[in-house]
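Written out below as structure tokens is the structure these notes cover.
In our numbering, the protein residues as written are 5 to 295.
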């Protein structure tokens, strides 16, 4: 019997003298969040350069040339950088939704920020224009005094709530703000997929791990994530294949098998369905971006 993976609840302490947590990492120093984890704080992550995986809720995708993400309360996610990412720096800001007091987001002036925090429930990825605008401001916060840090954060939140170049990463009726045991269960599933997607994953084993029958598990997973478990696993494998296509000079057939697929034509069909292009076209288009 394989070992069951416990989900990770992260306890976040505010930075000294601050009402929120701020940290700036150089290159791949942020290696504490490699497991799926969740916390009540809203999290903002700015990755300066590099390419890697986004894993937020039931959404998995590949980013290139940096990333700017906003993640809502208790939305499970993985870290965005590792030894292979190639980023220069990474900034992480974590704040409770009411970190400035329960009434703050009810002010007329802060309605936009309240709306931004509402979008964050699904995970938000911002485009290159917004990233270029707020990325330097996030990095400058590193040397600022606490009050300057707070004012800078409010300015950044204002820019984000006005941004038009963003996309929500999970379906709009997706939400993991639920009972603690549900959050623990879904995190356990996500962690298992993260560690075993290269192998054949048995629905019976996963259902048993959750103390459910297979039909009950399938209904439960679809209700929470808005996608079937098989689709989630296949998307995870396709994103891993996308990463290998960009970074590894090996044949597409090898990449198919190195991503957990055992049927090349099935891989090609799923890859085109998921990305809108063939694997060879995807690799060709990425060459100019990741040089």
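Backbone N, C-alpha and C define an ideal beta-carbon position, used for all residues, glycine too. Since the model is a prediction, treat every value here as computed from it, not as a measurement.
Rank 89, 24, 201 and 44 by C-alpha distance to the C-alpha of residue 266 and give the top, closest one.
-> Sequence index remark: in the chain shown, residue 266 carries index 262 (1-based). If we check each option's Cα against that of residue 266, 201 comes out closest.
Using DSSP with H/G/I as helix, E/B as strand and the rest coil, what is residue 246?
-> For this step, residue 246 is matched to residue 242 along the chain shown. It is helical.
Cβ pair residue 142, residue 163 closer than 8 angstroms = Locating residue 142 in the chain shown gives position 138, counting from the first residue. Locating residue 163 in the chain shown gives position 159, counting from the first residue. No, the pair does not count as a contact, with Cβ atoms beyond the cut-off.
Going by DSSP, what residues sit across from residue 60 in a beta bridge?
-> Numbered from 1 along the chain shown, position 56 holds the residue referred to as residue 60. DSSP lists 63 and 81 as partners of residue 60.
Tell me residue 277's beta-bridge partners as DSSP assigns them.
-> The residue given as residue 277 occupies position 273 in the chain shown. The partner list for residue 277 (beta bridge, DSSP) is empty, contrary to what the question assumes.
Own chain, CB closer than 7 angstroms to residue 93, minus 5 neighbours either side, in chain order = Within the chain shown, numbered from 1, the residue matching residue 93 stands at position 89. Closer than 7 angstroms at the Cβ level, and outside the excluded window around residue 93, lie 28, 29, 30, 52 and 143.
Using only alpha-carbon positions, find the residue among 104, 263 and 227 that is nearest to residue 151.
-> Residue 151 sits at position 147 when you count from the first residue of the chain shown. Looking at the Cα atoms, 104 is the closest of the given residues.
Does DSSP put residue 98 in a helix, in a strand, or in coil?
-> Indexing the chain shown from 1 puts residue 98 at position 94. Here residue 98 sits in strand by DSSP.
Got a sec? Which residues, its chain only, sit under 6 angstroms from residue 245 by beta carbon, not counting five neighbours each side?
-> The residue you call residue 245 lines up with position 241 of the chain shown. Within the same chain, residue 245 has close Cβ partners 259 and 263.
Counting only the same chain and skipping the five closest in sequence on each side, list residues whose C-beta sits under 8 angstroms from that of residue 40.
-> The residue you call residue 40 lines up with position 36 of the chain shown. 11, 12, 59, 80, 81, 82, 191, 194, 195 and 198.
Let me know the secondary structure DSSP gives residue 231 once reduced to three states.
-> Residue numbering aside, residue 231 sits at position 227 when the chain shown is read from its first letter. Residue 231 falls in the coil class under three-state DSSP.
Can you say whether residue 285 is buried or exposed, counting buried as having 16 or more other CB atoms within 10 angstroms of its CB?
-> Translated into positions along the chain shown, residue 285 becomes position 281. Answer is exposed; the Cβ neighbour count stays below 16.
Per the contact definition of three or more C-beta pairs closer than 8 angstroms, is the region 41 to 48 in contact with the region 84 to 99?
-> As far as the Cβ criterion goes, the region 84 to 99 touches the region 41 to 48, which means the pair count is three or higher.
Where residue 4 sits in the DSSP three-state scheme = A question about residue 4 goes unanswered here, because the residues of the chain that appear run from 5 up to 295.
From residue 66 to residue 213, what does the alpha carbon distance come to, in whole angstroms?
-> Translated into the one-based positions of the chain shown, residue 66 becomes position 62. Translated into the one-based positions of the chain shown, residue 213 becomes position 209. Those two C-alpha atoms are separated by around 29 angstroms.
Determine the burial state of residue 57: buried for a count of at least 16 other Cβ atoms within 10 Å of its Cβ, exposed for fewer.
-> Walking along the chain shown from the start, residue 57 turns up at place 53. Classification of residue 57: buried, given that the 10 Å Cβ count is 16 or more.
Just how far apart, CA to CA, sit residue 182 and residue 70?
-> Position 178 of the chain shown, counted from the first residue, corresponds to residue 182. Position 66 of the chain shown, counted from the first residue, corresponds to residue 70. For residue 182, the predicted structure reports a pLDDT of 49, less than 50, and the residue's modelled location is therefore unreliable. The matter cannot be settled from this model.
Please classify residue 232: is it buried, with 16 or more other beta-carbons within 10 angstroms of its beta-carbon, or exposed?
-> The residue given as residue 232 occupies position 228 in the chain shown. Counting C-beta atoms within 10 angstroms of its own C-beta, residue 232 has fewer than 16 neighbours from the protein chains shown and is therefore classed as exposed.
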